[in-house]
Amino acid sequence: MTVRELRLVVTAADYEEALRFYRDVLGLPERAAFSSPDGRVTILEAGRATLEIADPAQADFIDQVEVGQRVAGHIRVAFEVDDSSATTAELAGAGAKVIAEPVRTPWNSLNSRLEGPAGLQLTLFTELGPEES
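Under full-length UniProt numbering, think of the first position of the sequence shown as 1, with each following residue one higher.
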């Protein structure tokens with residue numbers, strides 16, 4: 001058995017706002033969109049997908065590093081971006097709530113934490129190379 005794709009499905013009470021934010025502001029390309037009398041769905045590309053499984057102690061540690069206290073629920077969506085500082089500012093300007101500004105992590109990335117539409121808690125991260133240490 002082989003898994004070919006990870007698809008995170010989010011139910012958004014304000015579908016149009018969530019679509020605008022994730023597609024138009026964050027820049028996730030639209031792969032497909034479907035509508036019927038029963039509802040609408042849009043599938044957005046989000047680069048390479050991984051499933052990160054953390055135990056409660058590690059989740060606490062990540063929240064301490066990124067935010068300074070435990071704030072995430074059992075699901076948090078992380079997006080690798082080219083410039084987490086600039087992207088944080090852009091998403092905040094588009095309505096996301098900044099929970100924590102970018103911070104350098106012990107694993108050498110620059111991470112911020114936001115709350116986006118549809119109640120998703122987001123980590124934006126930029127991997128820092130050795131020259132940026």
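Each residue gets a CB set at the ideal place from its N, CA and C atoms; glycine is no exception.
In angstroms, rounded to a whole number, what distance separates the CA positions of Arg40 and Glu17?
13 Å
Of the choices Thr88, Tyr22 and Asn108, whose alpha-carbon is the least far from that of Glu101?
Thr88
Residue range of the alpha helix (DSSP H) that Ala46 falls in?
Here Ala46 belongs to no alpha helix (DSSP H), and DSSP marks it neither H nor E.
Jot down the residue ranges of each uninterrupted beta strand (DSSP E) in the UniProt domain "VOC" (4-127), minimum 3 residues, whole runs only, in chain order.
30-36, 39-44, 77-80, 97-104, 109-115 and 121-127
For the 8 Å Cβ check, are there 3 or more pairs between the region 60-69 and the region 31-38?
no
Spatially closest choice to Val25 from Ala13, Glu90 and Phe61, by CA coordinates:
Glu90
By the 10 Å Cβ neighbour count, where 16 or more other Cβ atoms means buried, how is Gln58 classified, buried or exposed?
exposed
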